[in-house]
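Colleague: Here my numbering is used: the first residue of the sequence shown is 2, the next is one more, and so on.
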Amino acid sequence: MTTKPNKNIDDADVALLNALSKDARLTVKELAQIIGKSSAATHERIRKLEQQGSIRGYYADVNPSSLGFAFSSFVSIRLKEHDSAIIKAFELDVSKLQEVQEWYHITGPHDYMIKVQMESISAYHTFINERLASIPNIATVQSLIVLNHQKV
């Protein structure tokens, strides 16, 4: 997150967003020092960025293995049909699967990429062959197993 095609965001806002994306627990005082503004001005910038939707929330970066999730995968999915009702139904169905952490509607040879986490390859096998397979209109599924992960 280093460029700024949005004309309503200046360099201080970009620095603020970069700092918060790496550590959302920074205090307003610490953020003010990073961007070279007063605490009051920094607090106002944060409020503005929240209101305009640039800051959508504050989240903990939880280690999945601490919750018993030793296995992560991205699953690319191509649908059989692409009318709006089928797309909406698929998105609703996949959002209900507790193993799904995130999903993306993408371009390219596949239509969706979902991120899943679970306790084992055996659980993943069950997920693919029973839970995901129960969703209508899936043409193909391709697994991309995560070997290592680092948030930057």
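We treat Cβ as the ideally placed atom computed from N, Cα and C, and that holds for glycine.
1) Provide the residue span of the beta strand (DSSP E) that contains A140, from first to last.
2) DSSP three-state label for Y105, please.
3) DSSP on L68, reduced to helix/strand/coil?
4) Is there contact here, the stretch 71-82 with the stretch 31-50, by at least three beta-carbon pairs under 8 Å?
5) Exposed or buried, E100, counting other C-beta atoms within 10 Å across all chains shown (16 or more means buried)?
6) When the Cα of D24 is compared with those of D14, Y59, Q151, S85, which residue comes out closest?
Modeller: According to the data block:
1) Secondary structure note for A140: its beta strand (DSSP E) is the uninterrupted segment 139-146.
2) Strand.
3) helix
4) no
5) Burial state of E100 is buried, judged by a 10 Å Cβ sphere holding 16 or more other Cβ atoms.
6) Y59
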